[in-house]
Amino acid sequence: MEKILDLGCGPFRKYPGAIGVDFNDDCKPDIVHDLNKFPYPFKDNEFDQIYIDNTLEHLDRPLLVMNEIHRILKKDKICKVIVPYFRSRFAFIDPTHASFFTVSSFEYFDPNSYIFKDFKYTPCAFKLEKLIFHEYEKRILVKLFSKFASRHPWFYETYLSHIFPLNDITFYLKKV
Numbered sequence: 041m042e043k044i045l046d047l048g049c050g051p052f053r054k055y056p057g058a059i060g061v062d063f064n065d066d067c068k069p070d071i072v073h074d075l076n077k078f079p080y081p082f083k084d085n086e087f088d089q090i091y092i093d094n095t096l097e098h099l100d101r102p103l104l105v106m107n108e109i110h111r112i113l114k115k116d117k118i119c120k121v122i123v124p125y126f127r128s129r130f131a132f133i134d135p136t137h138a139s140f141f142t143v144s145s146f147e148y149f150d151p152n153s154y155i156f157k158d159f160k161y162t163p164c165a166f167k168l169e170k171l172i173f174h175e176y177e178k179r180i181l182v183k184l185f186s187k188f189a190s191r192h193p194w195f196y197e198t199y200l201s202h203i204f205p206l207n208d209i210t211f212y213l214k215k216v
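Residue numbers for the sequence shown follow this note's numbering, beginning at 41 and rising by one.
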């Protein structure tokens, strides 16, 4: 049986079958923990999947969070990160957002990226398996545009995102 972790599970959206972690006891998480406090209360290589949905942008030190995720995720397993896209108005209306994300934000962790090779901000490595805009979108027109943006993320970001900004972006990161 896969062991799944939901970081920042909140009160209404805990990932099914996951161990939920949140700092707010009112959310009734399985584990109460402030994700800005390190290390997280888990063993190395403990989880088969980690899910962090609209949480990373609220945390003070995303690099340290990703280091912890790398530590507790098993090798070759997936971390699914959902964040507001930096062009979205929703990225900026929440005063608790501390970070903003583009299609290239996780290249700092991908050994295939020149950004990872040149800057080496962290020893942890994740391969970007997939990037999806508006993964759960239901409106047909937005869904079609999201599919285009997901297939051509750099083109979308460079030439179209300022005209038709999408709200969120999902990164599927594989621990290497």
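For each residue, glycine too, the CB sits at the ideal point set by N, CA and C.
Run of the beta strand (DSSP E) containing residue i, from where it starts to where it stops
| i | result |
| --- | --- |
| VAL182 | Segment 180 to 191 is the alpha helix (DSSP H) holding VAL182; no beta strand (DSSP E) there. |
| LYS157 | Here LYS157 belongs to no beta strand (DSSP E); instead the alpha helix (DSSP H) covers 154 to 159. |
| VAL216 | Careful: VAL216 lies outside any beta strand (DSSP E) and carries neither H nor E. |
| ILE172 | 166 to 173 |
| LEU45 | 44 to 47 |
| ASP88 | 87 to 93 |
| ASP62 | 59 to 62 |
Buried versus exposed call for residue i [16 or more other C-beta atoms within 10 Å across all chains shown]
| i | result |
| --- | --- |
| ARG179 | exposed |
| PRO56 | exposed |
| LEU181 | exposed |
| ASP158 | exposed |
| HIS110 | buried |
Whole-angstrom distance between residue j and residue i, CA atom to CA atom
| i | j | result |
| --- | --- | --- |
| PRO135 | LEU99 | 12 Å |
| ASN207 | PRO79 | 31 Å |
| SER186 | GLU175 | 8 Å |
| ASN64 | VAL72 | 7 Å |
| PHE141 | ASN94 | 11 Å |
| CYS49 | PHE132 | 21 Å |
| TYR91 | SER153 | 23 Å |
| ARG127 | HIS137 | 14 Å |
| LEU45 | ALA58 | 5 Å |
| LEU213 | PHE149 | 9 Å |
| PRO151 | PRO205 | 29 Å |
8 Å contact criterion, which residue i and residue j should meet: CB distance rounded
| i | j | result |
| --- | --- | --- |
| PHE173 | ALA189 | 4 Å |
| GLU177 | LYS183 | 5 Å |
| ASN85 | LYS114 | 5 Å |
| PHE156 | PHE211 | Contact doesn't hold; Cβ gap of about 14 Å is too wide. |
| ILE122 | GLN89 | At roughly 14 Å, the Cβ-Cβ gap does not stay under 8 Å, so ILE122 and GLN89 are not in contact. |
Residue i at chain D interface by Cβ criterion, 8 Å
| i | result |
| --- | --- |
| ASP88 | Reference to chain D is not applicable here, since this structure consists of a single protein chain. |
Proximity test, residue i beta-carbon vs the ligand ADP heavy atom, cut-off 7 Å
| i | result |
| --- | --- |
| LEU104 | As presented, the structure is devoid of all ligands, the ligand ADP included, so that no description of it is given. |
* Asked: Going along the chain, which unbroken runs of the alpha helix (DSSP H) with 4 or more residues stay wholly within the stretch 108 to 149?
  -> 129 to 133
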